[in-house]
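Student:
In our numbering, the protein residues as written are 2 to 1198.
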């Protein structure tokens, strides 16, 4: 991608250089040099509508330049803002920028308002825009109760977001519980107001986690709405649900999902209006309901949608027009259409305009006696009004100036004098905004000066434009003339263009345009000249361009790109494939003037471009590569290449030699590169080192050599399969000895003792010595002291120790290599230090500021650097707890250490224990160790909230009471004031009852709770309190015991063997009865109804005998809790007195073949068993009561 970008940059600089340079010089020509007197100019200010983060300091910018430097003042809400009276407000030095300290106690809301800055000096006053300061707001969502949305399949649905009103407005998006964005489509999409619209709902829309999120970017916070539940009822499931709750004789006719023609969900009605401001983005929206999902189309009545500025978003439901103008006003119609019809809406758009400049006033520099004008012209809709101010004061009440005359949007100056200097403000405003521009009138008498550097060199490609700069200033405005050469004649004629800013343009520069050009600036106060140089360079040309190639797959192809360029320019060649970077593949080999592709594949098909860049121009050429299939060939065996052979050394020089070789067989895989290795038979015989590698197309290489090395070379060939065996070594070549080329690296000076300096370095490798007798000259001298160098020559080692040095002083150090032939080049100097010693003094003025119960801030004065006697590592704070004020017992003192790096003078101590006494001291540390400790400083931490009570036990449960016992908190963190006990009952469905709270004196450790409900589970929450607040709570659960008689009866019967046996017998009897009925039914048996009824009487309708007493008297838990009345024997009515009809009724009706009863031949009524049996309303098959032995029996009988 990078070459592509570079090519574009070159293209821009070549084609637009004239315009860019001209504009830049026009701007600079208007500036008055800062060493001359001038009125203030506002250079930087905050935006008009400035929304600030309420958690951070408010910075209101106001920067200005002028001579003399301007002073600054501010107004707030139209009155003078005295910053000296507000401790939270400061003004930056030499600036008008205000800093309001919010992070240290200030409230952003207190500083809302309209601010304006004035920059003033003796020549006038410039003012800033009105800067409206408003803190951003990200309020929480309003609590609301969201009802589940139950929708029929195919109907439309709108999920309302209704985000909180923030500043600026939030960004809305919908996600699920897993923080995944909800998918949107033509059917489901988010509107501009944040609501989620369903044109028609489908069963897959059923979910319980439609969540609307509001992201407030200014404060980087996200607010979440409560999840919205949507359940879609399909017609099939609705039919099943209704059928399950109606008798078989009821009839339900369900209509299928009906298709509907489109209806607009938003906007409502047939027409609406929209007002937008010029330059803004116009957003129009139409979302429709319907089935099938409608498609939206937009048109502009009586015109076309603007090309290149119109975009469709949100599946064409939103029309977006950027940079709107008055011409975009009109009627826009959206049409929603499906197969059943269409609906439309017309939006009438009116484009208004805040003021915008036609001609903004510009600074005016006049000499005494000259005339001039300031022009301020603006447009807008409605037309803006123009008003003038002088030095920030309405011009009608400003001091009069006889040289000034106001004529609407123009101020005319005539015969100005130095006192006419001032700053004028033009204000153009309408109901949609305002523009404010400062423009000064500066009356100066200055001789000409040329701002372009002397002898500046311009280089241009032949036949291109040349622009020679002559930036100037003077008052009156100087006249500019150009000459070629020192004594040349003045330049005139059509071959030159003279710009107002002094620039000379030569539209078509030729070789003969080369030379010196002189610019002369003159006015009535003087004359000055400046000379620049112009050089014309030959253009870069591709003399052999890449050509179209057709290559078989797995072949090799090469593109040529041979160039001709100016000898003084350094070209760079870049190859692109399909206007992008070449693939990162070793098959692509870029040479000096070619591109080679090895083992071509189908993906290499494309256009290849050669781009040649210089600092002044850029050229390119392209060719297409077509890859075709290779003809069928027999199976090929691929292998590593054979080793190269016949190595030859030629062109032996002192520092180079040429090596050539003959490649071995490729073995059906092209050689990609050759690796050259060398052996130093003089220093490391038998060890081969990597020298270099070259492409596989190259068989010679020029090798760089080092002196005093006995070289042998070998070559290894590489292809895609692997590396060949090394070739046989070449003949040996011994290079001559020479002075060392380099000095040791990594030279350091670090003392190991207070009175020494240890100088170390990395020694040269064997072949780096360049000759025999390698030694080192070690030199040192104390820095910043007028001493001579002390030197010593040592053998081939890597360390030297200088003794008797002062403690920790800087030294200049250098180490130079030498051998029998001489010295290496002069080495560079490094700075080291002699040994360190322990610091001498302790930090003073140690102060502790306790921030809260667990955090303190410690301050200290830094020690003088000369007493550190070493590299300052930082300061260490030792601190330890002396005593806990809430517990008098002492324990082992554990000192803690915090290290603050560098020359810091304060630090934070976290993790302190509340309500405790601490001591601390501070020590300075260097590389040697720590200095003496400062005197111990004692401080106390305030009370905090306690930890949770150490335990909570609940004992002695009775029918209506529980005993609670607890232990005091392990960490009271203060004086306990009380305990808080909260408890609430839990019913059988795990729902929590009302919460009761009890406050208990701090000296208590147990409590008996009375008047509780029996057989009830309670949940307890228990925590301790100090004067600061409540600590963490612990929870427990306990149950009051049930009525003993009931418990005993239930246990007695439920565990009796006779009861279990009876239940099994009843179950077996029912099973046998069912089998007999089925057998008789299948045989078509005929029997009288009376006899059948006697044989199969329903046991449920036969009352149990009152005096039977087999099961005694039982009570369910629920009936006990309600009214303590015995359960009626044989009762099967649910507790809510309703009868449920369930699918699990064990009736032979379910196995019948028809609804209506029929008579058999003998007159018996077969429908008694094959038809539907009516059941008594009071008889239900299920009970909502808890299971009991009686209920269990009834379910079997």
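C-beta: ideal position from N, C-alpha, C; glycine also.
Can you have a look at residue 902 and say buried or exposed, based on whether 16 or more other CB atoms are within 10 angstroms of its CB?
Tutor: Counting Cβ neighbours within 10 Å, residue 902 comes out exposed, since fewer than 16 surround it.
Student: Out of 330, 190, 55, state which residue places its alpha-carbon closest to the alpha-carbon of residue 219.
Tutor: If we check each option's Cα against that of residue 219, 55 comes out closest.
Student: In chain order, what residues of the same chain lie with their CB nearer than 6 Å to the CB of residue 719, ignoring the 5 residues before and after it?
Tutor: So the list reads 673, 674, once near-sequence residues are dropped.
Student: Could you give the DSSP three-state label for residue 103: helix, strand or coil?
Tutor: Correct three-state label for residue 103: coil.
Student: Might you give, ordered along the chain, the residues of its own chain that have their beta carbon closer than 6 Å to the beta carbon of residue 918, omitting 5 neighbours on each side?
Tutor: Excluding residues within five positions, the ones whose Cβ falls inside 6 Å are 883, 884, 941.
Student: Residue 824 and residue 760 - do their beta-carbons sit closer together than 7 Å?
Tutor: Cβ distance not < 7 Å, so residue 760 and residue 824 don't count as in contact.
Student: Compute the Euclidean distance between the alpha carbons of residue 939 and residue 912, then round it to the nearest angstrom.
Tutor: Approximately 17 Å between the Cα atoms of the pair.
Student: Could you give the DSSP three-state label for residue 668: helix, strand or coil?
Tutor: DSSP places residue 668 in coil when its eight states are reduced to three.
Student: How would you label residue 1, buried or exposed, when you count the other beta carbons within 10 angstroms and need 16 or more for buried?
Tutor: The question about residue 1 has no answer here: the residues shown for the chain are numbered 2 through 1198.
Student: If you reduce the DSSP assignment to three classes, tell me which class residue 342 lands in.
Tutor: Strand at residue 342.
Student: Over the uninterrupted beta strand (DSSP E) stretch that includes residue 857, give me the two end residues.
Tutor: Residue 857 -> beta strand (DSSP E) spans 856-862.
Student: Count the C-beta pairs between the region 718-737 and the region 792-807 that are closer than 8 Å, then say yes if the count reaches three, no if not.
Tutor: Short answer: they don't touch.
Student: Secondary structure at residue 681, three-state DSSP: helix, strand or coil?
Tutor: If DSSP states are grouped into helix, strand and coil, residue 681 belongs with the strands.
Student: What separation, rounded to the nearest whole angstrom, lies between the Cα atoms of residue 739 and residue 767?
Tutor: Rounded to whole angstroms, residue 739 to residue 767 spans 13 Å at the Cα level.
Student: Quick one: give me the first and last residue of the beta strand (DSSP E) that residue 803 is part of.
Tutor: Note, residue 803: beta strand (DSSP E), 800-804.
Student: Please classify residue 1 as buried or exposed, where buried requires at least 16 other C-beta atoms within 10 Å of its C-beta.
Tutor: Because residue 1 is not part of the residues shown, which for the chain are 2 to 1198, the question remains open.
Student: Checking the sheet assignment: what are the DSSP bridge partners for residue 881?
Tutor: For residue 881, which the question treats as bridged, DSSP gives the partners 920.
Student: Express the C-alpha separation of residue 554 and residue 600 in angstroms, rounding to a whole number.
Tutor: Taking the straight line joining both Cα atoms gives about 7 Å.
Student: Classify residue 355 as helix, strand or coil using the three-state DSSP reduction.
Tutor: Residue state, collapsed to three classes: strand.
Student: Beta-carbon within less than 6 Å of residue 924's beta-carbon, same chain only, minus the 5 sequence neighbours each way: which residues are those?
Tutor: Hits under 6 Å: 877, 931, 932, 934.
Student: Hey, residue 134 and residue 61 are a contact pair by Cβ (cut 8 Å); roughly how many whole angstroms apart?
Tutor: Contact flag correct, Cβ pair sits at about 7 Å.
Student: Could you please give the first and the last residue of the uninterrupted beta strand (DSSP E) stretch that includes residue 225?
Tutor: Residue 225 -> beta strand (DSSP E) spans 222-225.
Student: Which value, in whole angstroms, describes the spacing of the CA atoms of residue 125 and residue 329?
Tutor: Cα to Cα, the separation comes out at about 43 Å.
Student: Helix, strand or coil for residue 871, going by three-state DSSP, please let me know.
Tutor: Residue 871 falls in the coil class under three-state DSSP.
Student: Just to confirm my understanding: we take residue 19, look at its own chain, exclude 5 residues before and 5 after, and list those with CB closer than 8 Å. What are they?
Tutor: With a pLDDT of only 42 at residue 19, under the threshold of 50, the placement of this residue in the model should not be trusted, and no figure is reported.
Student: Give me the Cα-Cα distance between residue 638 and residue 671, rounded to the nearest whole angstrom.
Tutor: Roughly 13 Å separates the two Cα atoms.
Student: What would DSSP say about residue 86, mapped onto helix, strand or coil?
Tutor: It is helical.
Student: Does DSSP put residue 552 in a helix, in a strand, or in coil?
Tutor: Reduced to three states, the DSSP call for residue 552 is strand.
Student: My understanding is that residue 214 touches residue 183, with C-beta atoms under 8 Å, so please give their C-beta distance in whole angstroms.
Tutor: About 11 Å; that fails the 8 Å criterion.
Student: Provide the residue(s) that pair with residue 696 in DSSP beta bridges, ordered along the chain.
Tutor: DSSP, once it has assigned bridges, lists 674 as partnering residue 696.
Student: Kindly list the residues whose CB is nearer than 6 Å to the CB of residue 187, restricted to its own chain and excluding five residues on each side of it in sequence; keep chain order.
Tutor: Excluding positions up to five away in sequence, the list reads 294, 316.
Student: Beta-carbon within less than 7 Å of residue 606's beta-carbon, same chain only, minus the 5 sequence neighbours each way: which residues are those?
Tutor: Excluding residues within five positions, the ones whose Cβ falls inside 7 Å are 626, 627, 628.
Student: For residue 937, collect the residues of the same chain with a Cβ closer than 6 Å to its Cβ; drop the 5 residues on either side in sequence, then sort them by chain order.
Tutor: Closer than 6 Å at the Cβ level, and outside the excluded window around residue 937, lie 920, 922.
Student: Can you look up residue 578 in the DSSP assignment and give me helix, strand or coil?
Tutor: The answer is strand: DSSP assigns residue 578 an E or B state.
Student: Helix, strand or coil for residue 822? Go by DSSP, reduced to three states.
Tutor: Note: residue 822 maps to coil in three-state DSSP.
Student: For residue 64, is the classification buried or exposed, using 16 other Cβ atoms within 10 angstroms of its Cβ as the cut-off for buried?
Tutor: Its Cβ being crowded by 16 or more others within 10 Å, residue 64 is buried.
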